[in-house]
Every structure is written in structure tokens, then in C-alpha cells.
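Everything on this sheet refers to the single structure shown next.
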Amino acid sequence: DTAVSQTPKYLVTQMGNDKSIKCEQNLGHDTMYWYKQDSKKFLKIMFSYNNKELIINETVPNRFSPKSPDKAHLNLHINSLELGDSAVYFCASSQEGHSYEQYFGPGTRLTVT
Amino acid sequence: AQTVTQSQPEMSVQEAETVTLSCTYDTSESDYYLFWYKQPPSRQMILVIRQEAYKQQNATENRFSVNFQKAAKSFSLKISDSQLGDAAMYFCAYRSPLTGTASKLTFGTGTRLQVTL
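Protein chains in written order, with the working numbering: chain E, 4 to 116; chain W, 423 to 539.
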């Protein structure tokens, strides 16, 4: 059973398009995150939701909009894609007040051409 | 704000040997959590080991152990009996015990570990 899953794993699209990445966790965790890993492998937090409530919104262009329909799902929608959005996007989850470990999905490699 | 520094962009170790990856961090908090994550070429982020700052004992997980020096704000990872499967990027990460906006992981820039025969 996959703990944190993301779809799609690869996404190739043209500039200006709108795309979504979906994330689901079956660990029963109450907090989910989106991280971005750039071409130099640096990982940075983008968003976090706790029980469907947005709690972290780092300095990210407003073309990026997360949505959490329930605490097991966190999706990332990106409007008007730009070349600089090319990166690997990781979803993660954790249970607050428990072990504080974050479990990561397999990542989605987004390539904007 | 917390920062995490990994000063070794690349390291190499021979199979069966021991290697130590360095990590330092900066924080004003007295309690926190530290992690090492491994990212093999498959790009999956795998938790290797964790350390709670309030615990003096260094964490160990099989061949992986840490040297946690709280006063020096240092958190190095030692890999013993290195195996080919250990080749990966290794990331050190910091986590505040606070919830809400502090719940994020702050990562270092990573160390690429090469394992040679």
C-alpha cells in the first residue's frame, strides 16, 4: 500500500497552460505539504494544510493554488505555467503532535517547454 | 529563521568503508527535531534517521548513526559498512516542535554520496 501517492509522476506541458497535480495519503495524517525541488536539488516549502485549513503559504506566485478537499488529499493547481516552474514537486504528510516526521510522495517532475 | 548548512556538496566512499556527512544548523529554539533524508536516483525522499534535541543519546538505525552536538549545533550522519545502495543525495532537515506555520521542514542543500567498489 502506497502511503503518499502523487499523480502524475511526470508532466510535460507548454508555457501558458494550466495543470494540476494530485496528492493522496492513506496514513491518517492531519497535515499535508507541498515542497518544490529546483534544478539544483534545493527543497523548499510552498504550502501546508492542517485538517483542510491552509497554515503555510510561503512566497509563491499566486498562479499556484493549493486545494484540500479533505484531510487525505491536497492538490496543487498551477495557472499560466512558466519555464521557471519546471521542477520536481513533492507532496508530504505528517501527524502533528506525534513524531513530526514527514512522509513524502514519489514526486512529480514538471517540465514546461 | 532557522537555517541548515551542508558544506560538502559531494562525498565518496569505498564499499564497506565508513563515511560521515556533515550538517550544521542555526536556531534560537531549545527544542527541535533533526532528520536525515536520502534521495536515490528514483527521487523518492526516504527518511533515514531522526533526532530529538531534548535527547542526549545519539540516534542509530542499523548502519546509520548520528553525532548530535547540541551546543555546536552540529548533526552529522555516519554510514558504516557502506553499500552500493547507499549512493544518493542526503539531505539534513530541521523541524520546529511548534505547529502551524512552524511545522515545515527546512532543508540543507544536500550532499551527493558516491559509493565505489
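Every residue gets a Cβ at the ideal spot worked out from N, C-alpha and C, and that includes glycine. Being a predicted model, the structure only gives us computed values, none of them experimental.
- The straight-line gap separating the alpha-carbon atoms of W/Ser-450 and W/Gln-473 is approximately 17 Å.
- The same chain holds no residue with a CB closer than 8 Å to that of E/Lys-44 once the five nearest residues on each side in sequence are set aside.
- E/Leu-86 carries a helical assignment under DSSP once its states are collapsed to helix, strand and coil.
- Taking 3 residues as the minimum length, the beta strand (DSSP E) runs contained wholly in the stretch 21–102 of chain E are 22–28, 34–40, 46–53, 56–60, 67–73, 76–81 and 90–97, in order along the chain.
- Distance from the CA of E/Asn-29 to the CA of E/Gly-100, rounded to the nearest whole angstrom, comes to 18 Å.
- For W/Val-537, DSSP records a beta bridge to W/Val-435.
- With a beta-carbon spacing of about 32 Å, E/Ser-42 and E/Lys-55 fall beyond the 8 Å limit used to define contacts.
- It is roughly 7 Å from the alpha-carbon of W/Tyr-459 to the alpha-carbon of W/Ile-471.
- Proximity of W/Arg-465 to chain E, defined by a Cβ-Cβ separation below 8 Å, is satisfied.
- Under the rule that a run must span 3 or more residues, the beta strand (DSSP E) segments found entirely inside the stretch 482–522 of chain W read 486–491, 496–501 and 510–517.
- The DSSP-derived three-state label of W/Ser-429 is coil.
- Residue state for W/Ser-444 is assigned as coil, using DSSP reduced to three classes.
- In this structure the stretch 75–86 of chain E does not lie against the stretch 503–523 of chain W, because fewer than three pairs of beta carbons, one per stretch, are closer than 8 Å.
- Note that the stretch 531–539 of chain W does not touch the stretch 474–483 of chain W; fewer than 3 beta-carbon pairs, one per stretch, sit closer than 8 Å.
- If you compare the alpha carbons of E/Lys-74, E/Ile-24, E/Gly-19 and E/Thr-114 with that of E/Ser-96, the shortest gap goes to E/Lys-74.
- Those residues of the stretch 28–41 of chain E placed with their C-beta closer than 9 Å to a C-beta in chain W are Thr-34, Tyr-36, Tyr-38 and Gln-40, ordered along the chain.
- Scanning its chain for C-beta atoms nearer than 8 Å, with the 5 sequence neighbours on each side dropped, one finds around W/Gln-430 the residues Leu-443, Ser-444 and Thr-533, in chain order.
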